[in-house]
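For reference, the structure is listed below as structure tokens.
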Amino acid sequence: MSYHNPLTPPRKSATFDDHTLAEIRRAAATGIYDIRGGGTKRKVPHFDDLLFLGASISRYPLEGYREKCETSVVLGTRFARKPIELKIPITIAGMSFGALSGNAKEALGRGATLAGTSTTTGDGGMTDEERGHSQVLVYQYLPSRYGMNPRDLRRADAIEIVVGQGAKPGGGGMLLGQKISDRVAEMRTLPKGIDQRSACRHPDWTGPDDLEIKILELREITDWEKPIYVKVGGARPYYDTALAVKAGADVVVLDGMQGGTAATQDVFIEHVGMPTLACIRPAVQALQDLGLHRKVQLIISGGIRSGADVAKALALGADAVSIGTAALVAIGDNDPKWEEEYRALGTTAGAYDDWHEGRDPAGITTQDPELAARLDPVVAGRRLANYLKVMTLEAQTIARACGKNRLHNLEPEDLCALTMEAAAMAKVPLAGTDWYPGKGGF
7 MSYHNPLTPP RKSATFDDHT LAEIRRAAAT GIYDIRGGGT KRKVPHFDDL LFLGASISRY
67 PLEGYREKCE TSVVLGTRFA RKPIELKIPI TIAGMSFGAL SGNAKEALGR GATLAGTSTT
127 TGDGGMTDEE RGHSQVLVYQ YLPSRYGMNP RDLRRADAIE IVVGQGAKPG GGGMLLGQKI
187 SDRVAEMRTL PKGIDQRSAC RHPDWTGPDD LEIKILELRE ITDWEKPIYV KVGGARPYYD
247 TALAVKAGAD VVVLDGMQGG TAATQDVFIE HVGMPTLACI RPAVQALQDL GLHRKVQLII
307 SGGIRSGADV AKALALGADA VSIGTAALVA IGDNDPKWEE EYRALGTTAG AYDDWHEGRD
367 PAGITTQDPE LAARLDPVVA GRRLANYLKV MTLEAQTIAR ACGKNRLHNL EPEDLCALTM
427 EAAAMAKVPL AGTDWYPGKG GF
């Protein structure tokens with residue numbers, strides 16, 4: 007005979023928690039897997055697990071109001087005849103017209119231009135509004151080839167060959183039929199209203215040797231003017247970076263698993279890829295081993311939220327960062343003012359991740375004309391520019407506190423780690439020691 011103490015609350019399983027039980031029941035009832043966006047929801051080591059060691063006596067800080075801290079960066083200096091010069095090392099990641107509304111894409115272009123940085127097309131091609139409002143526009147060249155044409159390749163300021171994304175390295179994207187409007191269908195040469203899935207690999211090459219041929223083709227089409235980026239999902243960053251460089255990339259874009267603007271299977275988002283923090287040092291090591299660190303630029307993306315994140319990524323060896331989810335929040339996504347409508351969708355503003363369904367009350371991740379009209383691209387663009395300005399000022403504040411007159415002078419020596427995991431991934435000492443896992447000794 008068992009006895010349960012009524013004063014002791016029932017104990018739930020850590021393995022079969024409420025979310026897991028609900029997912030089992032949903033799968034059993036529907037027979038389909040869950041698709042969503044929003045990035046990983048599990049807690050993984052991230053930039054918050056690192057701290058800067060500001061100056062005191064052994065280091066000399068800079069005065070914030072008197073001494074400059076340079077923020078500019080040049081991308082594509084290896085082979086391109088016209089490298090990109092940006093005022094700040096924070097760029098806007100590729101998010102497609104189709105996934106986002108036309109107003110949202112225009113807002114991203116406006117905000118990036120006001121801040122002196124670049125934005126990126128995403129899958130599905132280039133719109134005239136996006137090109138018209140983006141001073142510097144990077145054209146994504148994806149496995150799907152949706153919307154790809156030589157004219158737009160030449161109209162772009164750089165070309166980004168997408169091999170993988172942090173949310174789904176090894177997997178293709180999805181765009182549900184309700185977001186395939188007449189214009190999206192025409193741009194992508196797709197039937198209207200029919201679900202589409204982007205391919206997970208390029209149709210005309212199967213490895214780095216073929217990638218080298220593709221890069222040469224793109225250079226010839228654009229008269230060797232445009233920097234060629236290669237974007238990879240964070241999985242094997244050392245080898246992927248080295249092979250992208252061997253194939254001729256001017257810039258490597260490395261996207262960690264916290265990258266969240268792509269819609270895909272939940273199992274992909276939560277169980278494939280590596281944390282952004284774990285990707286940076288192996289990629290930097292690959293560039294150093296090839297003697298090309300700072301000569302081939304490294305852009306880090308996936309969960310960048312603040313100037314502190316920017317400064318930490320640069321201190322670990324990146325040349326720039328790219329933001330996606332944060333940019334959408336800045337222009338108005340997940341805004342609590344739409345909370346009542348988010349609740350009607352069965353979610354809440356801070357947790358809304360059903361971007362792929364096209365019912366976004368903020369008018370950003372939708373093709374519904376009435377919803378899209380809610381977003382004023384001029385106002386939203388100013389909001390993005392304000393956010394980018396604050397991020398830059400925050401990063402400058404940290405750099406000056408470390409005695410650096412340029413963001414890119416930050417280095418691993420300026421950092422320590424709060425956890426063993428972060429110390430091992432970032433290869434910076436555990437706080438209060440001069441040791442990190444793998445260094446040897448203690």
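Just add 6 to wherever you are in the sequence shown, counting from 1, and you've got this note's numbering. Just so it is clear, CB atoms sit at the ideal spot from N, CA and C, and this is done for glycine as well.
- In the three-state scheme derived from DSSP, where H, G and I count as helix and E and B as strand, residue 261 is classed as strand.
- Using a Cβ distance threshold of 8 Å, residue 153 and residue 194 count as a contacting pair.
- Taking the CA atoms as reference points, residue 182 sits about 49 Å from residue 12.
- Annotation: the continuous beta strand (DSSP E) that includes residue 166 extends over 164-168.
- Remark: fewer than three beta-carbon pairs, one from each stretch, lie closer than 8 Å, so the stretch 284-302 and the stretch 374-382 are not flagged as touching.
- In this structure, DSSP gives residue 346 a helical state, which the three-state scheme calls helix.
- With fewer than 16 other beta carbons inside 10 angstroms of its own, residue 30 counts as exposed.
- When the alpha-carbon of residue 172 is set against those of 111, 278 and 341, the nearest one is in 278.
- Residue 340 and residue 66 have their C-alpha atoms some 42 Å from each other.
- Contact annotation: residue 45 and residue 372 have beta-carbon atoms that are not nearer than 8 Å.
- About 5 Å separates the Cβ atoms of residue 177 and residue 274, confirming a contact at the 8 Å cut-off.
- Here residue 114 is near residue 390, since their CB atoms are less than 8 Å apart.
- Here DSSP, grouped into helix, strand and coil, assigns residue 396 to helix.
- Here the alpha carbon of residue 428 sits roughly 11 Å from the alpha carbon of residue 57.
- Collapsing the DSSP output to three states places residue 334 in a helix.
- For the pair residue 446 and residue 312, the Cα-to-Cα distance works out to about 33 Å.
- When DSSP assignments are scanned along the stretch 164-247, the uninterrupted stretches of beta strand (DSSP E) that are 3 or more residues long and fall wholly within it turn out to be 164-168 and 234-239.
- Listed in chain order, the non-local C-beta contacts of residue 76 below 6 Å within the same chain comprise 412, local neighbours out to five positions each way being set aside.
- For residue 234 against residue 165, the beta-carbon gap comes to about 5 Å, under 8 Å, which counts as contact.
- Membership of residue 97 in the beta strand (DSSP E) is indicated by the continuous run 96-98.
- The C-alpha of residue 246 is placed about 14 Å away from the C-alpha of residue 216.
- Listed in chain order, the beta strand (DSSP E) elements of length 3 or more contained wholly in the stretch 42-114 are 56-58, 79-81, 90-92 and 96-98.
- Per DSSP, the continuous beta strand (DSSP E) segment holding residue 305 begins and ends at 303-307.
- Around the beta carbon of residue 344, 16 or more other beta carbons lie within 10 angstroms, which makes this residue buried.
- The Cβ neighbour count for residue 328, taken over all protein chains shown within 10 Å, is at least 16; the residue is labelled buried.
- Residue 288 places its beta carbon 8 Å or farther from that of residue 252.
- Of 255, 261 and 286, the smallest CA-CA separation from residue 302 is found for 255.
- Look at residue 290 here: in three-state DSSP terms it is helix.
- In the structure shown, residue 314 falls within a helical segment according to DSSP collapsed to helix, strand and coil.
- In this structure, residue 144 sits away from residue 123, with a CB-CB distance that is not shorter than 8 Å.
- Contact annotation, residue 270 with residue 397: C-beta distance approximately 27 Å; criterion of less than 8 Å not satisfied.
- Contact annotation: residue 110 and residue 370 have beta-carbon atoms nearer than 8 Å.
- When 63, 221 and 107 are compared, the shortest CA-CA separation from residue 363 is found for 107.
- A direct Cα-Cα distance of roughly 15 Å separates residue 444 from residue 422.
- Counting along the chain, residue 278 sits inside no alpha helix (DSSP H), nor does DSSP assign it H or E at all.
- Per DSSP, residue 432 is one residue of the alpha helix (DSSP H) stretching across 426-432.
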